[in-house]
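Going line by line, the protein sequences match chains L and V. If you use this note's numbering, the first sequence corresponds to residues 1 to 175, in order. If you use this note's numbering, the second sequence corresponds to residues 176 to 706, in order.
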Amino acid sequence: MDAAVAAQNRQLLFRLLTVAVVMLGFGFALVPLYRQICESLGITQSRVVAPVNTQVDRSRTVRVEMLASSSGLPWRFEALTREVRLNPGELVTVNYRVVNTLGRPVAATAVMNAAPSVANQYIEKQACFCFSSQQLAAGEERVMPVVFRVSPKLPSDMDVVTLSYTFFEQKAAQS
Amino acid sequence: MSATTHAPAHGHAHDDHHAHPTGLKRWLFTTNHKDIGTLYLWFSFVMFLMGGVMALLIRAELFQPGLQFVKPEFFNSLTTVHGLVMVFGAIMPAWVGFANWLIPMQIGAADMAFPRMNNWSFYLVVPAAILLVASFFVPGGAAASGWTLYPPLIIQQGISIDMTILAVHILGASSIMGSINIITTILNLRAPGMTLMKMPLFVWTWLITAYLLIAVMPVLAGAVTMLLTDRHFGTSFFNAAGGGDPTMFMHIFWFFGHPEVYIMILPAFGVVSAILPAFARKPLFGYASMVYATASIAILSFIVWGHHMFTVGMPAAGNLFFMYATMLIAVPTGVKVFNWIATMWQGSMTFETPMLFAIGFICLFTIGGFSGLVLAITPVDITLHNTYYVVAHFHYVLVSGALFSIFAGIYFWLPKFTGKMYHEGLGKLHFWLSLIGFNIAFFPQHFLGLAGMPRRIPDYALQFAEWNMWSSVGAFIFGFSQLLFLYNVIECIRSSRKAPDNPWEVQDSLEWTHLPSPAPYHSFETAPVVK
Chain L
1 MDAAVAAQNR QLLFRLLTVA VVMLGFGFAL VPLYRQICES LGITQSRVVA PVNTQVDRSR
61 TVRVEMLASS SGLPWRFEAL TREVRLNPGE LVTVNYRVVN TLGRPVAATA VMNAAPSVAN
121 QYIEKQACFC FSSQQLAAGE ERVMPVVFRV SPKLPSDMDV VTLSYTFFEQ KAAQS
Chain V
176 MSATTHAPAH GHAHDDHHAH PTGLKRWLFT TNHKDIGTLY LWFSFVMFLM GGVMALLIRA
236 ELFQPGLQFV KPEFFNSLTT VHGLVMVFGA IMPAWVGFAN WLIPMQIGAA DMAFPRMNNW
296 SFYLVVPAAI LLVASFFVPG GAAASGWTLY PPLIIQQGIS IDMTILAVHI LGASSIMGSI
356 NIITTILNLR APGMTLMKMP LFVWTWLITA YLLIAVMPVL AGAVTMLLTD RHFGTSFFNA
416 AGGGDPTMFM HIFWFFGHPE VYIMILPAFG VVSAILPAFA RKPLFGYASM VYATASIAIL
476 SFIVWGHHMF TVGMPAAGNL FFMYATMLIA VPTGVKVFNW IATMWQGSMT FETPMLFAIG
536 FICLFTIGGF SGLVLAITPV DITLHNTYYV VAHFHYVLVS GALFSIFAGI YFWLPKFTGK
596 MYHEGLGKLH FWLSLIGFNI AFFPQHFLGL AGMPRRIPDY ALQFAEWNMW SSVGAFIFGF
656 SQLLFLYNVI ECIRSSRKAP DNPWEVQDSL EWTHLPSPAP YHSFETAPVV K
């Protein structure tokens with residue numbers, strides 16, 4: 001191999017090495033490059049759409065009214081949400097508030113009743129203060145949610161349902 | 176392109192002018208392109224057997240549903256290291272071995288442009304391979320994240336990942352040095368009259384492959400460096416908790432990874448383009464279009480990486496772009512397949528072992544190409560992603576594509592390498608066992624994938640049992656027939672069947688027309704003149 005060819009070879013070696021080094025830098029540059037390109041082209045949004053609840057019957061609306069009462073117990077108990085309009089199958093949250101106006105701690109349990117009574121089996125509660133007894137200190141106030149849905153199987157002639165909660169005092173040691 | 180001013184008499188007496196150490200020293204310090212080619216080829220065969228043992232362990236475990244032989248963690252290491260060893264240890268070094276042996280002889284050069292660097296390139300590959308295989312024996316076991324090294328899994332595993340990353344760095348350095356050597360040799364050391372468009376196609380495909388390597392191996396090195404700093408130096412390139420993005424790794428990895436699959440297959444195109452004309456006794460059909468098709472495939476390979484990640488949530492416009500770009504690659508590939516068939520058309524064909532492997536390559540590689548087209552369709556890929564359909568696809572292009580053409584090339588050039596003829600009957604037996612074993616192993620995997628069997632699992636649902644059983648049977652036939660290949664090569668070297676200088680009567684390639692068999696240790700010290 002004569003000197004001229006050897007010099008040519010060396011020149012090409014350094015050129016190709018430069019390409020390799022530049023490509024190494026390019027590999028790192030890809031990190032900001034991808035971000036910039038996607039942002040400037042506006043293609044950063046995800047193809048994944050939020051999941052849709054397919055069990056909601058959008059074709060009809062049911063009005064649900066909330067009532068509150070106490071049986072023989074001077075508690076102030078009221079529905080903060082008096083009324084909701086919902087689609088059967090849709091999960092809704094309503095709030096009740098209770099204040100213990102007595103000068104002593106009281107334990108009480110709430111019982112729910114729906115009207116018309118046939119609707120009872122279509123009210124599906126996920127969270128409710130009626131699942132356990134409520135202990136309130138003297139003068140204590142508490143806001144309590146009810147998470148429920150009305151089953152899509154609710155008979156189609158029913159468009160108003162009333163939920164009525166009643167608190168009963170739990171008498172201690174009454175056996 | 177033949178014709179000569181240089182007689183093919185370059186006998187052994189000539190070698191005495193050069194220091195010619197023997198024994199271990201000869202192989203350790205050699206700068207001879209033929210020695211280094213031999214080292215590369217034997218090394219890749221050893222790695223092929225190691226990767227093959229891992230594959231057979233995988234198939235043994237999958238022979239029946241349930242866990243029989245290996246633990247799931249070890250199974251994951253097997254699939255991962257099998258992939259890495261086959262890609263970086265078997266296929267790529269085999270092609271570099273062919274390049275070393277053939278390119279100087281085919282362009283009429285005395286040796287590679289940088290013989291000492293050539294020696295380094297090879298001896299870098301060895302420690303990298305040792306690191307990969309040794310990682311099985313460190314606490315936590317070998318890398319288990321799949322050969323694609325995806326974070327966040329890869330960030331969490333133990334010291335074996337650092338060994339794997341270091342191995343990839345070393346292999347990258349070796350590949351870049353080898354590529355620079357090859358490009359410089361081809362561009363600067365061609366014999367007088369050997370214009371670019373007169374070069375044998377194997378030289379052309381390697382020239383383009385070498386450019387691909389220089390362009391993408393540094394990107395892989397960068398990607399694994401980012402993994403390393405994420406693991407040990409508190410960066411967050413891919414760590415979502417630190418503001419990084421694991422998807423970013425996939426983009427960078429596949430920017431390397433897709434050109435990488437063409438790095439493994441383009442030299443195969445060159446080998447097949449050399450073998451078909453020899454056994455059809457016709458010149459290659461459409462030489463120029465072959466060159467342009469190869470270049471087009473190489474260029475397109477840079478804009479299709481997204482088809483490996485259709486399911487990561489790219490915007491629809493991105494998915495569509497990558498889908499169309501991928502399908503576009505079928506056009507130059509189709510040109511090549513058409514040219515090969517046209518080369519055989521009305522030729523006086525004979526079917527010796529190299530030709531059988533070359534025809535097997537065309538049929539099976541085309542099947543792999545078509546399943547690739549199926550996977551290129553975004554909505555189809557979303558259901559087939561990470562199923563055995565993908566496994567079937569890439570084994571059709573890499574085993575019956577790249578590997579079959581390596582076998583074809585070995586049988587074709589063995590007479591030139593060794594000066595002896597291989598045993599034709601045993602060669603054909605090797606071909607038929609490989610063909611049958613391969614198809615039994617991998618064709619059922621299409622069905623498994625379409626039925627929904629995910630890849631990289633050690634256990635599977637019962638409905639997949641039957642095809643998995645067949646696949647394992649085929650894999651064992653295929654695996655053990657490679658011992659026959661080893662026997663064939665050794666038998667050829669030790670046999671007394673002297674090969675003629677040009678046993679295939681090739682008319683247009685210098686190593687056949689200008690050199691005796693075996694090719695002398697120093698060839699073309701005075702360049703031949705090509706007219």
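Ideal Cβ positions, reconstructed from N, Cα and C, are used throughout, including at glycine.
Excluding the five sequence neighbours on either side, which residues of its own chain have a C-beta within less than 6 Å of the C-beta of Asp191 of chain V, listed in chain order? Note that Asp191 of chain V scores 46 on pLDDT, short of 50, meaning its location in the model is unreliable; the coordinates nonetheless yield the value given after this. Nothing meets the Cβ criterion.
Are the segment 263-279 of chain V and the segment 209-219 of chain V touching by the rule of at least three beta carbon pairs closer than 8 Å? yes
Using 8 Å as the limit for Cβ to Cβ distance, is Thr359 of chain V near chain L? yes
For Ser643 of chain V, count neighbouring Cβ atoms within 10 angstroms of its own Cβ and tell me buried if that reaches 16, exposed if not. Residue identity differs from the one stated: residue 643 of chain V is Asn in this sequence, not Ser. Its Cβ being crowded by 16 or more others within 10 Å, Asn643 of chain V is buried.
Assuming Ser320 of chain V contacts Thr360 of chain V (C-beta within less than 8 Å), just tell me the rounded distance between them. No, Ser320 of chain V and Thr360 of chain V are not in contact; Cβ-Cβ is about 37 Å, not under 8 Å.
Any C-beta of chain V within less than 7 Å: which residues of the segment 29-42 of chain L qualify? Leu30, Val31, Tyr34
How would you write the range of the beta strand (DSSP E) that Arg142 of chain L sits in, first residue to last? 141-150
With a threshold of 16 other CB atoms inside 10 Å of the CB of Ala348 of chain V, please say whether the residue is buried or exposed. buried
To which residues of the same chain is Met261 of chain V closer than 6 Å at the C-beta, ignoring the five residues directly before and after it? Gly226
Enclosing alpha helix (DSSP H) for Ile557 of chain V [first to last residue]: 553-559
Beta carbon of Ile351 of chain V, beta carbon of Ile389 of chain V: below 8 Å? yes
If you reduce the DSSP assignment to three classes, tell me which class Ser354 of chain V lands in. helix
Run through chain L and tell me which residues come within less than 7 Å of Leu730 of chain V, C-beta to C-beta. Absent from the structure is residue 730 of chain V, since the part of chain V shown begins at 176 and ends at 706.
Based on the DSSP output, what are the partners of Ile632 of chain V in its beta bridges? BP columns for Ile632 of chain V are empty, so no partner.
Pairwise C-alpha distance: Phe167 of chain L and Ala68 of chain L: 8 Å
I'd like to know if the segment 479-489 of chain V and the segment 424-436 of chain V are in contact, where contact means that at least 3 CB-CB pairs between them fall below 8 Å. yes
Please classify Thr553 of chain V as buried or exposed, where buried requires at least 16 other C-beta atoms within 10 Å of its C-beta. buried
Starting from the C-beta of Glu686 of chain V, find all residues in its chain whose C-beta is less than 7 Å away, skip the five residues before and the five after it, and write them out in chain order. Leu277, Met280, Gln281, Lys591, Ala694
Going along the chain, which unbroken runs of the alpha helix (DSSP H) with 4 or more residues stay wholly within the segment 436-495 of chain V? 462-475
Cutting at 7 Å between CB atoms, please list the residues of its own chain near Thr541 of chain V, excluding the five before and the five after it. Val512
Can you tell me whether DSSP reads Glu686 of chain V as helix, strand or coil? helix
DSSP state of Phe244 of chain V mapped onto helix, strand, coil: coil
Nearest neighbour of Val704 of chain V, chosen from V:Tyr325, V:Phe311, V:Gly283 [CA to CA]: V:Gly283
For the putative contact between Met498 of chain V and Leu548 of chain V, defined by C-beta atoms under 8 Å, what is the C-beta separation to the nearest angstrom? Actually they are not in contact, since the Cβ atoms of Met498 of chain V and Leu548 of chain V sit about 10 Å apart, beyond 8 Å.
With a Cβ-Cβ cutoff of 8 Å, do Gly488 of chain V and Leu559 of chain V count as a contact? no
Below 8 Å on the Cβ atoms is my contact criterion, and I expect Leu376 of chain V with Ser448 of chain V to pass it. Report the Cβ-Cβ distance as a whole number of Å. 4 Å
Can you give me the Cβ contacts of Thr404 of chain V inside the same chain, cut-off strictly under 6 Å, excluding the 5 residues immediately before and after it? Thr410
Just checking: is the beta-carbon of His702 of chain V within a distance shorter than 8 Å of some beta-carbon in chain L? For the sequence presented, residue 702 of chain V should be read as Ala rather than His. So, not an interface residue.
How many angstroms separate the CA atom of Ile330 of chain V from the CA atom of Leu402 of chain V? 7 Å
Which one of L:Phe148, L:Ala137, L:Tyr165 has the shortest CA to CA distance from Gly103 of chain L? L:Ala137
Ile557 of chain V beta carbon near the ligand SAM (any heavy atom closer than 7 Å): No copy of the ligand SAM occurs in the structure displayed, which carries no ligand at all.
Which same chain residues, not among the five before or five after Gln134 of chain L, have their C-beta less than 6 Å away from its C-beta? Ala108
Here's the rule: buried if 16 or more other CB atoms are within 10 angstroms of the residue's CB, otherwise exposed. What is Val118 of chain L? exposed
Can the beta-carbon of Val150 of chain L be found less than 8 Å from the beta-carbon of Val64 of chain L? yes
Give me the Cβ distance between Ala567 of chain V and Gln620 of chain V, rounded to the nearest whole Å; I'm assuming they're in contact under 8 Å. 4 Å
Cβ-based burial, Trp607 of chain V [other Cβ within 10 Å; buried from 16]: exposed
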